[in-house]
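Visitor: Handing you a structure now.
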Amino acid sequence: MENASTSHLESRALVDAAVVAADAKLAEELVALDVSELLGVVDYFVIASGRNSRQVSTLVDSIEEATKAHTDRGPLRVEGVKDASWVLMDYGDVVVHVFLDETRRFYDLEHLWSGAPRVDLSQVLPRARNEKASGS
345 MENASTSHLE SRALVDAAVV AADAKLAEEL VALDVSELLG VVDYFVIASG
395 RNSRQVSTLV DSIEEATKAH TDRGPLRVEG VKDASWVLMD YGDVVVHVFL
445 DETRRFYDLE HLWSGAPRVD LSQVLPRARN EKASGS
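Take any residue in the sequence shown, count from 1 to its spot, add 344: that is its number in the numbering used here.
Take a look at the structure:
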């Protein structure tokens, strides 16, 4: 039987794989929230935006491929693919939300879950490291 810390580490590995994949496809405003203390059944939310529905679909495909390749886990359920304004990828312990920019602003999950600590993604995001190094 696995303990909670092992499960949380596995959840974080999935978050990292999803974030790196989304970043590689130029996702905007990548955020991960640790919602484990607030929800109990979900450890993390990953939130990303695309500029158009084609990019949203590309992000979803890339995230699914990366999580399968790096953690051997695919989503249990994916919703919203047809409309591609808000796609929810449910991995059980991690939920990935990929939005169109305007849909993300409307639902404002970061504000709704403002009590959840943000996960420091600087170690897994190449673009974030490059921006810090250049002083941007």
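The C-beta atom is built at its ideal place from N, Cα and C for all residues, glycine as well.
1) What are the start and end residues of the beta strand (DSSP E) that includes Leu388?
2) With DSSP as the reference, identify every bridge partner of Leu444, one or two as the case may be.
3) Straight-line CA distance for Gly459 to Leu453?
4) Exposed or buried, Leu382, counting other C-beta atoms within 10 Å across all chains shown (16 or more means buried)?
5) Which same chain residues, not among the five before or five after Ala376, have their C-beta less than 8 Å away from its C-beta?
6) What residue does the alpha helix (DSSP H) around Leu383 start on, and which one ends it?
Guide: Taking the coordinates as given:
1) Checking the sequence shown, residue 388 turns out to be Tyr, not Leu. Residues Tyr388 to Gly394.
2) Gly394
3) 11 Å
4) exposed
5) Val359, Val363, Tyr388, Phe389, Val390, Ile391, Arg462, Val463 and Leu465
6) Ser380 to Leu383
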